[in-house]
């Protein structure tokens, strides 16, 4: 199957017509069940899931996405912070719903050619032709398309970075020591998750399953560490906001002080 984080590449041609955050969230939503214990997770790769569980998971990802920029950019370089604009406060939810469903549809379409039980794999015998060892053509299509998707996302990201002028976006910044500690914690979560993933007996079935369990475990471990960091960031930011209100008579209501200028 294609790598989860290559799927947003499929929505790039639609970015000018539909809301990009919703498209990206939708393109990722069907695979959330691989990383989290989602009830009824098998529904995410069915047509009915487009307007039910995929839509719900996509909405959750959109909401979560609004909590992520601050903590993420606080760990990044100044050049990135100065290029990322503040997210819009208001979301047009009808447009978001359409974008999420369309994004999820691109995911299912891609998977139709690359999943063992994919529609095109089941109805187009050519995709089942053996290529090497246990790998069939649809497996190879999944591997190659994943690499191409990640490369495309990388190229688009670099072009955006070069073309976007720098400006003072007033994003908070973590002190260097704290930033190093957080990055180390994220690294530990990633490695620990990967090692834990390899304890799954499935990882010993084949080389593909070994890599799959490694990646799934790594993403789960990293996501858990990142969730802890974002939660700590949110609590810390609100605490500093309250302190700013109480200790600064001239401060504007609701204005949180940055961790460091």
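Residue numbers (UniProt numbering): 1 to 261.
For each residue, glycine too, the CB sits at the ideal point set by N, CA and C.
Please read these numbers as outputs of a predicted model, since none were measured by experiment.
Round the Cβ separation of residue i and residue j to the nearest angstrom and send it over; I've been treating them as touching at under 8 Å.
{"i": "residue 103", "j": "residue 228", "result": "Actually they are not in contact, since the Cβ atoms of residue 103 and residue 228 sit about 28 Å apart, beyond 8 Å."}
{"i": "residue 12", "j": "residue 156", "result": "6 Å"}
{"i": "residue 225", "j": "residue 188", "result": "7 Å"}
{"i": "residue 217", "j": "residue 198", "result": "7 Å"}
{"i": "residue 74", "j": "residue 172", "result": "5 Å"}
{"i": "residue 31", "j": "residue 166", "result": "No, residue 31 and residue 166 are not in contact; Cβ-Cβ is about 34 Å, not under 8 Å."}
{"i": "residue 98", "j": "residue 195", "result": "The pair is not a contact, with the Cβ atoms about 41 Å apart (cut-off 8 Å)."}
{"i": "residue 219", "j": "residue 67", "result": "That belief does not hold up - the Cβ atoms of residue 219 and residue 67 are roughly 18 Å apart, past 8 Å."}
{"i": "residue 65", "j": "residue 26", "result": "With 8 Å as the limit, residue 65 and residue 26 do not qualify as a contact, their Cβ atoms being about 12 Å apart."}
{"i": "residue 55", "j": "residue 43", "result": "Residue 55 to residue 43, Cβ: 11 Å. No contact."}
Would residue i be called buried (16 or more neighbouring beta carbons within 10 Å of its own) or exposed?
{"i": "residue 111", "result": "buried"}
{"i": "residue 252", "result": "At residue 252, the pLDDT of 46 sits below 50, so the modelled position is not reliable; the number obtained from the coordinates is stated separately. With fewer than 16 other Cβ atoms within 10 Å, it is exposed."}
{"i": "residue 193", "result": "buried"}
{"i": "residue 16", "result": "exposed"}
{"i": "residue 33", "result": "buried"}
{"i": "residue 123", "result": "exposed"}
{"i": "residue 116", "result": "exposed"}
{"i": "residue 79", "result": "exposed"}
{"i": "residue 174", "result": "buried"}
{"i": "residue 177", "result": "exposed"}
{"i": "residue 76", "result": "exposed"}
{"i": "residue 118", "result": "buried"}
How far does the beta strand (DSSP E) with residue i in it extend, from its first residue to its last?
{"i": "residue 130", "result": "130-132"}
Tell me which residue opens and which closes the alpha helix (DSSP H) that residue i is part of.
{"i": "residue 180", "result": "176-197"}
{"i": "residue 107", "result": "93-112"}
{"i": "residue 122", "result": "119-123"}
{"i": "residue 146", "result": "137-163"}
{"i": "residue 28", "result": "20-28"}
{"i": "residue 54", "result": "53-67"}
{"i": "residue 81", "result": "78-81"}
{"i": "residue 33", "result": "32-35"}
Sorted by chain position, which residues of the same chain lie with C-beta nearer than 8 Å to residue i's C-beta, five sequence neighbours on each side aside?
{"i": "residue 2", "result": "110, 111, 114, 142, 145, 146, 149"}
{"i": "residue 213", "result": "197, 198, 200, 202, 203"}
{"i": "residue 152", "result": "9, 12"}
{"i": "residue 131", "result": "137, 139, 140"}
{"i": "residue 210", "result": "198, 203, 204"}
Using 8 Å as the threshold, is the C-beta distance between residue i and residue j below it?
{"i": "residue 22", "j": "residue 100", "result": "yes"}
{"i": "residue 8", "j": "residue 36", "result": "no"}
{"i": "residue 39", "j": "residue 169", "result": "no"}
{"i": "residue 190", "j": "residue 221", "result": "yes"}
{"i": "residue 206", "j": "residue 134", "result": "yes"}
{"i": "residue 47", "j": "residue 69", "result": "no"}
Short of 6 Å in beta carbon distance, which residues of its chain neighbour residue i, apart from the five on each side in sequence? Order them along the chain.
{"i": "residue 138", "result": "114, 121, 127"}
{"i": "residue 4", "result": "31"}
Below 7 Å CB to CB, which residues in the same chain sit around residue i once its five sequence neighbours on both sides are set aside?
{"i": "residue 14", "result": "23, 102"}
{"i": "residue 51", "result": "101"}
{"i": "residue 264", "result": "No information on residue 264 is available, as it lies outside the stretch 1 to 261 that the chain covers here."}
{"i": "residue 61", "result": "25, 28, 29"}
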